[in-house]
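Working notes for the structure below.
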Amino acid sequence: MKKLIIVCEEKFKPYGDFLAQLISLEDDEADDIIGVKDGVVAAQVWTEKEYTANAAQISSEQYILFIGNSKLIKDKRLHMQKKFSEYGMQYCWLGKQSVLFVDKVVSIDEYDNFIEYAKGSKPEITKLIERKSDVMAVPEPTVENEKEEVNGFKKLLASMQAIPVAIVNAPVRGVNVFTKVTNNKKIEEQEYSCLVLIFYLKGLSEFLGLSEEQL
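In terms of the UniProt record's numbering, the sequence shown opens at residue 1 and continues consecutively.
See the structure below:
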């Protein structure tokens, strides 16, 4: 059993909770492993304050993932090896410590491309949806031609009860001086949601040294 501590900047704690919930899902089927193999990882979520208070007692063998962009987390990632970088979303690691963060909010001009990129993980996300028995109902998308592409993402994220904005939502439009800050916040939330899913599906097992064990 691998034990993972997820340390979050306070405002990003929902994304640590989201990752912990993904890890706890029983989403594998026979030899088809989604993310990490069921039952091999135990995760707990800490705030930065909790981490700082307990840092002296943490073993160097402990796996730790940091989420956010605080000074503490920036210092942690200084010498780490970059493993993923797309549309401002990044994760990196060195040894048994990893950092997941967004360093740039996608511009309105890039937004559609970002959404298309996020949809690239749809096959894996669809498997998660199909194997989640208690998916919550969510309102139907308001735009007819978005239903098929959007609904699966919204259902998955709604079932986690943790993320305020779905990865694929109604496109952010009509930006002006009054709405720019609000839209930037929503886009950043979407980026973190997407990044957590990508890390769970494609990065977590490698970080924990489980990739070869899962073959």
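Glycine is no exception: its CB is placed at the ideal position from the N, C-alpha and C atoms.
The beta carbon of tyrosine 192 is closer than 7 Å to those of Phe12, Tyr15, Val102 in its chain, skipping five residues each way along the sequence. Within the same chain, Cβ atoms closer than 6 Å to the Cβ of phenylalanine 207 are found at Trp93, Ser98, the five residues on either side in sequence being excluded.
Put simply, the stretch 42-58 does not touch the stretch 78-93. Fewer than three CB pairs are less than 8 Å apart. Measuring C-alpha to C-alpha distances from glutamine 21 to each of Leu72, Lys119, Lys82, Tyr200 identifies Tyr200 as the nearest. Taking 3 residues as the minimum length, the beta strand (DSSP E) runs contained wholly in the stretch 22-104 are 41-47, 63-67, 81-86, 89-94, 97-102, in order along the chain. In this structure, DSSP gives leucine 210 a state outside helix and strand, which the three-state scheme calls coil. Cα atoms of aspartate 112 and leucine 78: separation of roughly 31 Å, rounded to the nearest angstrom. 9 Å or more divides the Cβ of leucine 100 from the Cβ of leucine 72. Of the candidates Lys202, Glu116, Leu210, Lys202 places its Cα closest to the Cα of phenylalanine 84.
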